[in-house]
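K.L.:
Residues in the sequence shown are numbered consecutively from 869, following my numbering. Each residue gets a CB set at the ideal place from its N, CA and C atoms; glycine is no exception. I have a structure I would like to understand better, so I am pasting it below and will then ask my questions one at a time.
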Amino acid sequence: MTAASYTPLWCKSNGSFLEGASHPEELVEQAAYFGLQALALTDRDGVYGMVRAHQKAKECGVRLLVGAQVTIESPQAPSTLVLISQDQSGYAHLCRLLTIGRRRKPKGESLVTWDEICRHAAGLLALWGGDASLLAREPEPDAVAGPLREAFGDRLYAMITRHRRASEVTEEARLRARAARYGLPLVAAVEVLYHHPARRALQDVMTSIRHGVTVQAAGRRLKPNAEHALLAREAFAELFKDAPDAAARTNDIAARCEFSLDQLRYRYPEERVPGGMTSSNWLRQIAYEGARKRYGGDPPAAVAEQIDKELRLIEELDYGGYFLTMHEIVEFCRERGILCQGRGSAANSAVCYALGVTAVDPMRIELLFERFLSKERNEPPDIDLDVMHERREEVIQHIYDKYGRDHAAMVANVVRYQPRSAVRDVGKALGISETALDRLAKLLSHHGGLNEDALQHAGLDPKAPLARRLAQLAGEILHAPRHLSIHPGGFLLGHQPVHDIVPIENASMPGRTVIQWDKDDVEAVGLFKIDILGLGALTQLDLCFRLLEQHRGIRLSMASIPEGDAATYEMISRGETVGVFQIESRAQMAMLPRLRPKTYYDLVIQISIVRPGPIAGDMVHPYLRRRNGEEEETYPHECLRPVLEKTKGVPLFQEQVMRIAIAAADYTPGEADQLRRDMAAWRRSGRLERHRERLISRMTAKGIHPEFAERVFQQICGFGEYGFPESHAASFALISYAAAYLRRHYPAEFTCALLNAQPMGFYSIATIVEDAKRQGVEVRPVDALRSDWDCTLEEIAVPSGRGGRLEQRFAVRMGLRFVKEVGEAGVRRMIAAREQAAFTSLEDAARRSALNERTLAVMAEAGAFDSLGLSRRSALWDAPAVAREARLPLPFSALSPLSSLGPEFQTLTDAEAIAWDHRASSHSARGHPLAELRPFLSARGIPDARTVQTLPAGARVRYAGLVICRQRPQTASGVTFMTLEDETGFVNLVIWDRVFQSFSILVRTAYWLGVTGTIQAQDGVVHVVAKRFWIPKGVEAPEHLKSRDFH
């Protein structure tokens, strides 16, 4: 006889952050496998995993009950209560309760009071029980029971829980007696912490991580057995065979709960508009006013028609308020001089362009509006606004001030375990030494697994039980939530309080609040999100514009930079783009001499072509051959010529794939957008496959060759995970060109701005400094008499060669911000003191600036006191005594220079000075670490980078340099790319998987590296195809260097 079904009412997923050991989807799938009709997800103090569970439940035909286990302030220790939403009102009350508890406590904690529980009881069912509840433990909960019964009425249950522990017998007897006294019906439950008993070991590890102890020392914090798994119907019936009514009541409770996340009703906030106008009328007015400004009068008929078409659709979908919000934020930024620019699919919209939200004219380059908004799609538009990263907080606080904390909160980013963090946290819980874990983590890529070689090189025996346990548990914890962070800029705004839709909690950053859902969750339930994203490139441009005005009297802006500058495009085509947004990576630099951009639209293509979508679809080489006249420009069908003409008959953009579906497979624009969305979700949902037959059959029916149709579908799959829309590239290309123009014509200002905008971009400070020197920019070292906190410009008078006139040029003085452990406050004091009178000695600087011993020491090590006539060793020797003297009142301090009492020190060699620079400030303005080693390397037949670039294809070469970046992309068929640098430039390496595996430890960890390989040269681009790696012998490795790795 089949056991009766039941409903698990107390299930915690890994959305309880290091308590539950299964994903929400796993719990739902297991419930479906057991034939259960419903399941309640009740994570600790949150609904973090609810949307994922909701989506999986709909897919599996399981009804999801929405609840949470709340933590309540109680005598002796906090207690718990499980709450489940009956209806939408109950869900809103639950979210408000969780918001109160989370906002009251620091990040990661929550606590509500019994009074707050009672005041928010409407629409909620309460399950009172479990070993942390007052109902099951001492003392008597009479003071709480009365108010609870009054607030919840017949929606309050006593929950008997069983996990085959001896102590539960006493606790259950006590709970039953109290339930009878208070008149509470019994309901049966198991505290579910994982979907299968095999996850018990992981749950132990998670508990240990949460409490910051090893598993061995965790003691009673760990569950004593594996009886916290989701039970099959038969197992649950057997466990509660003496309490059949309590077991059956689980289904009665499920029947009382009607709420689903599908019932959420969301309204975007109303924007203030002039009296007598609606949002739609006001949007129409300011859109046409903006269009007239954009076009210097009435817009062209085609533009006006497109704007009208978009406005009618916006009004029909009631999205006017959203566009008004973005317009208001952009106006706020412009009024305050905050550089900003919209990007993403919004650049497809003529209305966004007219409103000043985006900077790309979509009509000029024929962008597809339906990529941004269509009637058929069941999701709101998505406008991303990039703002200067150093002033983004001003914009964020403006949004909070305008809408209020109840109506605005930032979207979460759930930080999940990746291989390195998994190994570190799991290994620490297992008691493995941090030294071994640090070595092991450095050997792992961001998406790779843990193998025997890595364990062995970290000093762990791969065959030992402990190492095997580490490998297993680190694999199991992958992608589980570790902690909650903030989305780079996503905001959820609501007409009704946001905390009625999703709980809000404190972020770790002061002044920020964050919801409990991430961007995927927000989109899945149809909520509007605005994105305010910090972009370092905009900060860099703004700083450069300010330097030009300050030092040259030149007023430039994004809009006034001359278009089509030939010298700029020549520089870009040579691949000289360090510090240039979007085209500075080694892959972009390698492509630039082959594509040789000459126009703005060439830059759009350049930005898009070095992406996995075109690469996976095998579209890159055909495009380059056609561009260079090596292959005929053909079209698989004449109907595709208008779609593909601007890319030589080769589809490169996401929008082109949509247009192909419309033109060649008779998709409607809405269906094409559905294709785009299925592209974005294809790997996790498998929905893309349903388009294959329709696309290919419809294309071949029009006479398009099946091979081309299949290639288009494969490209769609490539775009699915890594697609880059044309609108995105078009927005970025404007910034790229502006940065490139400044680099070409004002290299000193460009370099100074780039350094002051750090951290950002692809390269380290040392690489930026060396590249600037190769451009002819003089970079001067930090100096206590001249350096500010930021880098500054110092004028150089240089003969121009024209009648003896002097040309205005500038050197870059490095800022003290780059000296490690030096704080801004101390530097500001030093600058203020220096402005009163120049420093005369180290003692004078220390006394008047109140600099402490450590600051004096690191500044001495960096050479900041060289201009005072002190050697670095002398300054470093004097620092402790000088700091002590500086703290004494002036009459008691030594008045004569202390340095005269110190020993005589040998002057640093050039190589030592460079090494000291790198140790103190991660760069050297005095020289490259390898310049001093060049005679040694040349004597052994090792050329410099400039020479390597001149070698013929197929030549064998031995080269040695500093590793500045490593890349091992998932889409590169096991190929690793590495860039080495010396004093003359870069050498790019291609490392095939076989070579990588043979030398993986060196390739992953070395920063000073030799390589033997063969030259690969094509279209002026030179790579070394690596055959083997080695560490140069007979010379001391440069110290304190580190690469930037992008896995």
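1) Note down the Cα distance separating Leu1463 from Val1511, rounded to an integer number of angstroms.
2) Between Thr1777, Thr1815, Ala1214, Tyr1271, which lies nearest to Ala1797 when the distance is taken from Cα to Cα?
3) Using DSSP with H/G/I as helix, E/B as strand and the rest coil, what is Leu1830?
4) Tell me whether Phe1618 is buried or exposed, calling it buried when 16 or more other Cβ atoms sit within 10 Å of its Cβ.
5) Give me, in chain order, the residues of the same chain whose beta-carbon lies closer than 7 Å to that of Thr1852; leave out the 5 immediate sequence neighbours on both sides.
6) Throw me the rounded Cβ distance for the Gly935 and Ala900 pair, which I believe falls under 8 Å.
7) DSSP state of Tyr1062, grouped into three classes?
8) In whole angstroms, what separates the C-alpha of Ala1045 from that of Tyr1025?
9) Taking Cβ to Cβ, would you say Ala1155 is nearer than 8 Å to Ala1222?
10) Apply the 10 Å Cβ neighbour rule to Glu1452 and answer buried if 16 or more other Cβ atoms are within range, or exposed otherwise.
11) Where does His1915 fall in DSSP's three states?
12) How is the alpha helix (DSSP H) around Tyr1605 delimited, first residue to last?
13) Assuming Cys1208 is part of the beta strand (DSSP E), what are its boundary residues?
14) Taking 8 Å as the threshold (C-beta atoms), are Gln1209 and Leu1424 in contact?
15) Looking only at its chain, what residues have a beta carbon closer than 6 Å to the beta carbon of Ala1348, apart from the 5 residues adjacent to it on each side?
16) When you compare the CB positions of Gln1474 and Pro1465, do they come within less than 8 Å of one another, or not?
17) Which residues in the same chain as Phe1760 place their Cβ atom closer than 6 Å to its Cβ, once the five residues preceding and following it in sequence are excluded?
18) Quick check on Thr1029: buried or exposed, where buried means 16 or more other Cβ atoms within 10 Å of its Cβ?
19) Residues in the same chain with beta-carbon distance under 8 Å from Gly1295, minus the five sequence neighbours each way, listed in chain order, please.
20) I believe Phe1678 touches Glu1662 by the beta-carbon criterion, under 8 Å. Please report the beta-carbon distance rounded to the nearest angstrom.
21) Between the alpha carbons of Arg1612 and Glu1438, how many angstroms are there, rounded?
22) In three-state terms, what does DSSP make of Ala1100?
23) How is the alpha helix (DSSP H) around Ala908 delimited, first residue to last?
24) Touching or not, the stretch 1083 to 1094 and the stretch 1346 to 1362, by the rule of three or more beta carbon pairs under 8 Å?
25) When we look at the beta-carbon of Pro1574 and count the other beta-carbons within 10 Å, is it buried (16 or more) or exposed?
26) With a CB to CB cut of under 6 Å and the five nearest residues on each side skipped, what residues in its chain are close to Glu1095?
27) By Cβ distance below 7 Å, which residues in the same chain neighbour Arg1509 in space, the five residues on each side in sequence not counted?
28) From the DSSP secondary-structure annotation, give me the bridge partner or partners of Thr1226.
29) State the beta-bridge partners of Tyr1025 as determined by DSSP.
30) Quick one, which of Phe1592, Pro1287, Ser942 has its alpha-carbon nearest Trp982's?
31) Check the DSSP bridge columns for Thr939 and list the partner residues they point to.
32) Suppose the cutoff is 6 Å on Cβ atoms and the five residues either side in sequence are ignored; what does the same chain contact list for Arg1068 look like?
33) Could you tell me which uninterrupted alpha helix (DSSP H) segments, each at least 4 residues in length, are contained entirely in the stretch 1487 to 1564, listed from first to last along the chain?
34) Using CA coordinates, which residue listed in Leu1460, Met1426, Arg1696, Ile1664 is at the minimum distance from Leu1653?
35) Give me the Cα-Cα distance between Lys1243 and Trp996, rounded to the nearest whole angstrom.
36) Exposed or buried, Thr1146, counting other C-beta atoms within 10 Å across all chains shown (16 or more means buried)?
P.N.:
The answer reads as follows:
1) As a first step, residue 1463 must be located in the sequence shown, where it is residue number 595. As a first step, residue 1511 must be located in the sequence shown, where it is residue number 643. The alpha-carbon atoms of Leu1463 and Val1511 are separated by roughly 21 Å.
2) Numbered from 1 along the sequence shown, position 929 holds the residue referred to as residue 1797. Per the sequence presented here, residue 1797 reads as Pro, with Ala not at that position. Measuring from the Cα of Pro1797, the nearest candidate turns out to be Thr1777.
3) Sequence index remark: in the sequence shown, residue 1830 carries index 962 (1-based). Here Leu1830 sits in strand by DSSP.
4) Looking up residue 1618 in the sequence shown gives position 750. Classification of Phe1618: buried, given that the 10 Å Cβ count is 16 or more.
5) Translated into positions along the sequence shown, residue 1852 becomes position 984. Around Thr1852, the same chain offers Asp1812, Ala1813, Arg1814 as residues with beta carbons nearer than 7 Å, after the five sequence neighbours per side are excluded.
6) In the sequence shown, residue 935 corresponds to position 67, counting from 1. In the sequence shown, residue 900 corresponds to position 32, counting from 1. Incorrect: roughly 19 Å between the Cβ atoms, too far for contact.
7) For the purposes of this step, residue 1062 is taken as the residue at position 194 of the sequence shown. Taken through DSSP and simplified to helix, strand or coil, Tyr1062 comes out as strand.
8) Residue mapping note: residue 1045 aligns to position 177 of the sequence shown, counting from 1. Residue mapping note: residue 1025 aligns to position 157 of the sequence shown, counting from 1. Straight-line Cα distance between these residues: approximately 13 Å.
9) Taking the first residue of the sequence shown as 1, we reach residue 1155 at position 287. Taking the first residue of the sequence shown as 1, we reach residue 1222 at position 354. Closer than 8 Å, so yes.
10) Counting from one through the sequence shown, the residue named residue 1452 turns up at place 584. Per the 10 Å Cβ criterion, buried.
11) Along the sequence shown, read from residue 1 onward, the residue named residue 1915 stands at position 1047. Residue placement at His1915 is flagged as unreliable, the pLDDT there being 44, under the threshold of 50; a coordinate-derived value is accordingly withheld.
12) Walking along the sequence shown from the start, residue 1605 turns up at place 737. That run of the alpha helix (DSSP H) goes 1594 to 1613.
13) Here residue 1208 corresponds to residue number 340 of the sequence shown, with the count starting at 1. Segment 1208 to 1211, the beta strand (DSSP E) holding Cys1208.
14) On the sequence shown, residue 1424 is found 556 positions in, with the first residue counted as 1. On the sequence shown, residue 1209 is found 341 positions in, with the first residue counted as 1. No. Outside cutoff.
15) Position 480 of the sequence shown holds residue 1348. Answer for Ala1348: Asn882, Tyr1285, listed in chain order.
16) Counting from one through the sequence shown, the residue named residue 1474 turns up at place 606. Counting from one through the sequence shown, the residue named residue 1465 turns up at place 597. Contact: yes.
17) Taking the first residue of the sequence shown as position 1, residue 1760 is located at position 892. Caution is warranted here: a pLDDT of 44 is assigned to Phe1760, below 50, making its placement in the model unreliable, and no coordinate value can be reported.
18) Looking up residue 1029 in the sequence shown gives position 161. Under this definition Thr1029 is a buried residue.
19) Mapped onto the sequence shown, residue 1295 falls at position 427. If we look at Gly1295 and ignore the five residues flanking it on each side, its Cβ neighbours are Ala1304, Leu1305, Leu1308, Leu1338, Ala1342.
20) As a working mapping, residue 1678 is identified with position 810 in the sequence shown. As a working mapping, residue 1662 is identified with position 794 in the sequence shown. Confirmed, about 6 Å.
21) Locating residue 1612 in the sequence shown gives position 744, counting from the first residue. Locating residue 1438 in the sequence shown gives position 570, counting from the first residue. About 9 Å.
22) Residue numbering aside, residue 1100 sits at position 232 when the sequence shown is read from its first letter. Residue state, collapsed to three classes: coil.
23) Indexing the sequence shown from 1 puts residue 908 at position 40. Note, Ala908: premise wrong, no alpha helix (DSSP H); beta strand (DSSP E) at 906 to 909.
24) no
25) Sequence index remark: in the sequence shown, residue 1574 carries index 706 (1-based). Per the 10 Å Cβ criterion, exposed.
26) Numbered from its first residue, the sequence shown carries residue 1095 at position 227. His1031, Arg1032, listed in sequence order.
27) Locating residue 1509 in the sequence shown gives position 641, counting from the first residue. For Arg1509, where only same-chain residues beyond five positions count, the Cβ hits under 7 Å are Tyr1503.
28) Numbered from its first residue, the sequence shown carries residue 1226 at position 358. Partner(s): Gly1210.
29) If you number the sequence shown from 1, residue 1025 lands on position 157. Bridge partners of Tyr1025: Leu995.
30) As a position in the sequence shown, residue 982 is number 114, starting the count at 1. Closest by alpha carbon: Ser942.
31) Numbered from its first residue, the sequence shown carries residue 939 at position 71. In DSSP, Thr939 forms a bridge with Thr948.
32) Position 200 of the sequence shown, counted from the start, is the residue given in the question as residue 1068. Result list for Arg1068: Ala1094, in chain order.
33) 1488 to 1495, 1509 to 1512, 1522 to 1533, 1537 to 1548, 1550 to 1553
34) Translated into the one-based positions of the sequence shown, residue 1653 becomes position 785. Nearest option by C-alpha distance: Arg1696.
35) Within the sequence shown, residue 1243 is the residue found at index 375, counting from 1. Within the sequence shown, residue 996 is the residue found at index 128, counting from 1. Approximately 47 Å between the Cα atoms of the pair.
36) Walking along the sequence shown from the start, residue 1146 turns up at place 278. Counting Cβ neighbours within 10 Å, Thr1146 comes out exposed, since fewer than 16 surround it.
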